[in-house]
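Notes follow the structure.
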Amino acid sequence: MSRRWTAAVTALLAAFALACEGSDGGGGAQPDPPAAPPGIPDSIAALGDSITAGFGSCLVLAACQRNSWSTGDSSRVESLYRRLREVNPAIRGKAHNQAVNGARASALATQAGGAVRARVDYVTVLVGANDACRGGIEDMTSVSVFRADVDRGLAALKKGLPKARVLVVSIPNLHRIWEIGHEDTRAVRAWRGRICPALLANPTSTEPADRTRRSSFRARVDAYNEQLAAACKAYGSRCRYDGGAAHRVRFGMDLLNRLDYFHPNAAGQKELAEVTWRASGLASQARRAA
Numbered sequence: 063m064s065r066r067w068t069a070a071v072t073a074l075l076a077a078f079a080l081a082c083e084g085s086d087g088g089g090g091a092q093p094d095p096p097a098a099p100p101g102i103p104d105s106i107a108a109l110g111d112s113i114t115a116g117f118g119s120c121l122v123l124a125a126c127q128r129n130s131w132s133t134g135d136s137s138r139v140e141s142l143y144r145r146l147r148e149v150n151p152a153i154r155g156k157a158h159n160q161a162v163n164g165a166r167a168s169a170l171a172t173q174a175g176g177a178v179r180a181r182v183d184y185v186t187v188l189v190g191a192n193d194a195c196r197g198g199i200e201d202m203t204s205v206s207v208f209r210a211d212v213d214r215g216l217a218a219l220k221k222g223l224p225k226a227r228v229l230v231v232s233i234p235n236l237h238r239i240w241e242i243g244h245e246d247t248r249a250v251r252a253w254r255g256r257i258c259p260a261l262l263a264n265p266t267s268t269e270p271a272d273r274t275r276r277s278s279f280r281a282r283v284d285a286y287n288e289q290l291a292a293a294c295k296a297y298g299s300r301c302r303y304d305g306g307a308a309h310r311v312r313f314g315m316d317l318l319n320r321l322d323y324f325h326p327n328a329a330g331q332k333e334l335a336e337v338t339w340r341a342s343g344l345a346s347q348a349r350r351a352a
């Protein structure tokens, strides 16, 4: 073998050995993953009901968590989780959706247990629609019981995740769904007294009893939101209320799914993600971390 060929082979082997030292398959020390930017969560959990579960947003009347405004992974929605992932890749795969279709505030404590077991450091809470959407006004959860249920759920979070931050989100303006849909024959046909009857029963009626029922429903949701704000304040500095941001979203027919004309579609979920992202304070933290 010529000296030139021997030198070339030696150089090639040396380069190969050097490359192996830095490879993932080598035995050398691996670099530590990048630390989470200050103030940016590296895990998230969502508690709540069908809204947060993404019900009806995937063209079937079933939960569709990938479209959840909180923890979804769909690019159509740009959830809080996806927005956080843009500035903190360490959160990838650490989104936990505990929301359950039909859940009322009484389910929060159980759902909180799931968040505690996942050891997350950020939790979103959106609940209350099902406490109002029951058989009739007399069946709705009382304001005092609703508050007690919310307090139990938040207490479970505080005990199990004392360092986690919590975002409490206002109940969307469900009365507006009646306002925009009661003259739409497709919506009226879909409701048929089965969906949120306390609000949507006899949707085209102008009888005093029906008008009073809708007004009472609206007032109950407003009272629930007042209690959500108060419960978050009582929780302490690690809890933040959205200030009514979700409730102020002016849902139109274009933001509701075309199956039940009640739950948000992907566009509606995206709108909730946008307003809660701004209200959470995460947007400003993400800008500082970028």
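In the numbering used here, the protein residues as written are 63 to 352.
All C-beta atoms in this analysis are idealised placements derived from N, C-alpha and C, irrespective of residue type, glycine included.
Residue i versus residue j - alpha carbon distance
| i | j | result |
| --- | --- | --- |
| Arg25 | Ser204 | With the chain covering only 63 through 352, there is no way to say anything about residue 25. |
| Ala293 | Val212 | 7 Å |
| Arg310 | Arg320 | 22 Å |
| Gly176 | His158 | 8 Å |
| Met47 | Ala307 | The chain is shown from 63 up to 352; residue 47 falls before or after that span and cannot be answered. |
| Val149 | Ser342 | 16 Å |
| Val374 | Leu170 | An answer regarding residue 374 cannot be provided, because it is not within the stretch 63 to 352 covered by the chain. |
| Leu290 | Glu269 | 32 Å |
| Gly164 | Ser130 | 15 Å |
| Glu200 | Ser132 | 32 Å |
| Ile153 | Arg312 | 31 Å |
| Phe117 | Gly197 | 20 Å |
| Ala44 | Pro326 | Past the edges of the chain, shown from 63 to 352, lies residue 44, and the structure says nothing about it. |
| Gly255 | Asn235 | 19 Å |
| Arg144 | Val250 | 35 Å |
| Asp284 | Ile233 | 8 Å |
| Ala352 | Val231 | 26 Å |
| Pro259 | Trp253 | 8 Å |
| Pro265 | Ala281 | 18 Å |
| Ser206 | Leu219 | 20 Å |
| Trp135 | Leu261 | First, the residue type needs correcting, since residue 135 is Asp and not Trp in the sequence shown. Looking at the two C-alpha atoms, the distance is approximately 32 Å. |
| Arg248 | Cys120 | 19 Å |
Unbroken alpha helix (DSSP H) run spanning residue i, endpoints
| i | result |
| --- | --- |
| Asn192 | Ala191 to Ala194 |
| Val337 | Ala328 to Ser342 |
| Arg275 | Pro270 to Tyr297 |
| Val212 | Val205 to Gly222 |
| Val178 | Leu170 to Ala180 |
| His237 | Leu236 to Gly243 |
| Arg251 | Thr247 to Trp253 |
Identity of the residue in the options nearest residue i by Cα
| i | options | result |
| --- | --- | --- |
| Gly305 | Asn150, Arg147, Ser119 and Trp339 | Trp339 |
| Lys221 | His237, Thr266, Ala174 and Val189 | Ala174 |
| Ala210 | Tyr297, Glu245 and Arg350 | Tyr297 |
| Leu123 | Ala351, Gly330, Tyr323 and Ile199 | Tyr323 |
| Glu140 | Ser346, Gly330 and Ala352 | Gly330 |
| Ala217 | Ile113, Cys301 and Leu317 | Cys301 |
| Ala161 | Leu109, Cys120, Ser206 and Arg138 | Leu109 |
| Lys156 | Gly197, Ile106 and Ala328 | Ile106 |
| Ser277 | Ala194, Glu288, Leu146 and Arg166 | Ala194 |
| Gly190 | Arg166, Gly255, His244 and Lys332 | Arg166 |
| Leu334 | Leu317, Ala348 and Ala285 | Leu317 |
| His237 | Gln347, Val231 and Ile257 | Ile257 |
| Arg147 | Pro103, Val230, His244 and Ser346 | Pro103 |
| Tyr303 | Asp111, Ala328 and Leu344 | Leu344 |
Residue i - DSSP class collapsed to helix/strand/coil
| i | result |
| --- | --- |
| Val149 | helix |
| Ile233 | coil |
| Ile199 | helix |
| Ala351 | helix |
| Ser142 | Note on identity: in this sequence residue 142 is Leu, with Ser being the wrong assignment. Here Leu142 sits in helix by DSSP. |
| Ala345 | helix |
| Arg128 | helix |
| Ala260 | helix |
| Ala157 | strand |
| Asp86 | Because Asp86 carries a pLDDT of 39, less than 50, the predicted location of this residue cannot be relied on, and the following value inherits that uncertainty. Asp86 falls in the coil class under three-state DSSP. |
Residue span of the beta strand (DSSP E) that contains residue i, given as start and end
| i | result |
| --- | --- |
| Leu321 | It is not in any beta strand (DSSP E) - Leu321 carries neither H nor E in the DSSP assignment. |
| Ala108 | Ile106 to Gly110 |
| Leu188 | Tyr184 to Leu188 |
| Cys120 | Note, Cys120: premise wrong, no beta strand (DSSP E); not H, not E. |
| Arg302 | Cys301 to Tyr303 |
Any non-hydrogen atom of the ligand SAH closer than 7 Å to residue i Cβ
| i | result |
| --- | --- |
| Gly155 | Among the components modelled here there is no ligand, and therefore nothing to report on the ligand SAH. |
Can at least three beta-carbon pairs, one atom from the stretch 176-185 and one from the stretch 223-234, be found at a separation below 8 Å?
Segment contact: the stretch 176-185 against the stretch 223-234, three or more CB-CB distances shorter than 8 Å; contact assigned.
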